[in-house]
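Contents: one structure, followed by commentary.
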Amino acid sequence: MDETSPHSAHNAGATGLSRRRLPWLRSLKARLALGAALLGGGTLLTAAILWIGMEEVATHLDKALAAEARIDAYATLSAQAATYLVIASEAVQSDLPAAAREERIQPISGLLHTTFAALHRDLEHALAKSQTMSLDDQSRYGTQSLGLARMEALLENTTRALAAEGRDSAALRTTIDVFSAGFDPLLAQAVNTELLLRNEILTGLESQRTVLRLTAIAIATLTVLAVAAFYFALIRPQFARLDTLRRAAHQIGQENFAISLPAGDIDEIGDLYAETNRMASALSVRHSAVQAEWLRLNETIARRTEALRTANARLAEIDENRRRFFADVSHELRTPLTVILMEARIGAEGTEDPRSAFATIESRAARLTRRIEDLLRVARSESGRLQLDPQPVLLTRLFDEIQQDVAAEIDSAGMKFVIGTPPPLRLSADANWIRQVLVSLIRNAIRHARPGGRIALSAAYETHSVEISVIDNGNGIAPADQARIFDRFAQGGNGGPQGFGIGLALARWVVEEHGGEIILTSPLPREDALGNGAGTKITVRLPRAKPESNA
């Protein structure tokens, strides 16, 4: 499938001649760099023109502000001169002596000299800048300097005349009139000159703004034309070629490898076209190989799945056989035990001599029967099929059964077993499981706390629960082991090998299934300890039976 479009072909023909004449323009990077350079040059030129224009505007503004400042200074000078004339006239009319006249005019004369000095400095500064100005500007500033000098000379002559001795009032009034007649025209000429200069500067600013406006319009027009030319001559054709490449990539993504991109332009996109054509060809070959491999893999998976299904069926059959075997063994063990119990009861009804032996047989057989029941419960709990049967359980009877189960082991270990008197209450629990949990806790104490020599079993009750505690005076359980003591297969760091029993993990599970909790405390407080050892206390909290069951 050919992905060439008429638009891209037209653009290729339009730009091919220029690239043949300039081989370095074959590179898309070079063309983009050239366009960017032209745009950048235009931007720099625009910035330069704007900078020059702003400098001109700033220069004109500086001149206008300076002229305005001088006009303000001339206004101040005019006010000071008027004040000077008033003070001088009053001094002459009052017929004051020369010293008094001099004293009266001295402050205002000083202010006039200060204003003249400021104007001289400003004009000197303007004349220093006028070296780059026109001859008219230089002549204007020179004329202003001469006018200031004449006004200052009039002030000096009048001040000396007023301070001189022996001058009559008529002569002094004539001197004041001469000052007034000569000072005012000079001041008016200076102000008019500054106003004319300010107006010329403002006119120049308006002309400069017009030039800048026209320049900005011209630059904007040229920029738009340059960007349009750059886009239509270079960018748009490349977009068209990239669109062609995008459509080809989409076809490849749809697993359609029958594409053929045009390879006429020798540039980066042309190279990409060629690489895309080669990639499509390679992917087509690879796709065919993958399809063949996929078919082979599906066949292999089908065979393996069938083999796995057969193996699972075989494992299920083996597991079912194992369960049947376990049940059969339990049944075979229970049947002779039942016979033993029956024969023991028959023997116990005979003569007195064999009664004790038969009682022992009955006790051991009953214990063995309970062990078989425990074995069955362990198997069911591990498979998740255990069904608890909570019933009201009398605490006193439970403690008696526990004592019978562990008495021989306590005696064999040479330990002392202290059983507290339980309250006459009933638990809501599965009797066999709770008995086995407490027996297991006592056996753990026998194994791990034998050096202490004492084990205690006690009970306490609250409104809705009963707490049964197994306490020993062994070495206690290390804090590092307490966090995992109820995990499956966990053993204390100083513990020996575990014997048969439901274990602490299953004990916790049984207690929690009853809605209770199991609590470990080690070491024990001194008031709860049985001896000098650190000791361990495991408390099983279980719910009490309903009130009608306790009756």
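When we follow my numbering, the leftmost residue of the sequence shown carries the number 742, and every step to the right adds one.
We put the beta carbon where it would ideally sit given N, CA and C, even for glycine.
The alpha helix (DSSP H) runs lying completely inside the region 938-1011 and spanning 4 residues or more are 977-994, given in chain order.
In this structure Q979 does not touch H801 by the C-beta definition: roughly 48 Å separates them, more than the 8 Å allowed. M1156 is classed as buried because its beta carbon has at least 16 other beta carbons within 10 Å across all chains shown. For F1158, the enclosing beta strand (DSSP E) stretches over residues K1157 to I1160. Note that the C-beta distance between T964 and G783 is below 8 Å. Under the DSSP assignment, A1200 falls in the beta strand (DSSP E) whose first and last residues are R1195 to Y1202. Contact between I812 and L903 fails: their C-beta atoms lie close to 29 Å from each other, not under 8 Å. Here L928 is near Y815, since their CB atoms are less than 8 Å apart. Take W1174, set aside five residues on each side of it, and the residues of its chain with a beta-carbon closer than 6 Å to its own are V1251, in chain order. Remark: C-beta atoms of L1136 and L1179 do not approach each other more closely than 8 Å.
A direct Cα-to-Cα measurement between P1288 and E1058 gives close to 49 Å. By a beta-carbon distance limit of 8 Å, A967 contacts L779. Their separation comes to about 7 Å.
In the three-state reduction of the DSSP assignment, P1133 falls in the strand class. Rounded to the nearest angstrom, the gap between the Cα atoms of R1191 and I1042 is 60 Å. Under the DSSP assignment, P1284 falls outside any alpha helix (DSSP H), being part of the beta strand (DSSP E) whose first and last residues are T1277 to P1284. For R1167, the enclosing beta strand (DSSP E) covers residues R1167 to A1170. For A931 and D836, the gap between their C-alpha atoms comes out near 34 Å. The bridge partners DSSP lists for L1261 are I1279. Only buried fits S1210, as 16 or more other CB atoms lie within 10 angstroms of its CB.
Contact annotation: S1169 and P1133 have beta-carbon atoms nearer than 8 Å. Distance check between V1281 and each of T962, T934, S1206 and A810 places S1206 closest, using alpha-carbon atoms only. If you compare the alpha carbons of A859, Q1177, R772 and A1004 with that of A810, the shortest gap goes to A859.
Membership of D813 in the alpha helix (DSSP H) is indicated by the continuous run L769 to Q834.
The region 1146-1165 makes contact with the region 1191-1200: 3 or more CB pairs, one atom from each, lie closer than 8 Å. Distance between A1030 and E1040, taken at the CA atoms: about 16 Å.
Setting aside the 5 residues that flank it on each side, T916 is surrounded in the same chain by T899 and A902, each with a C-beta closer than 6 Å to its C-beta; the list follows chain order. H861 sits close to L889, with the two beta carbons spaced by under 8 Å.
Counting every other CB atom within 10 Å of its CB across the protein chains shown gives I1260 a total below 16, marking it as exposed.
Going by DSSP, D1222 is part of the alpha helix (DSSP H) stretching over P1220 to Q1223. Between the alpha carbons of K770 and A1023 lies a gap of roughly 29 Å. Each residue's CA atom was taken as its position, placing E797 and T934 some 22 Å apart. Nearest to R988 by alpha-carbon distance, out of T1017, I1151, D1008 and M795, is T1017. In the three-state reduction of the DSSP assignment, D925 falls in the helix class. Under the three-state reduction of DSSP, I1226 is assigned to coil, being neither helix nor strand. Of the candidates P1266, Y1014, G994 and A807, the residue whose Cα lies closest to the Cα of H1028 is G994.
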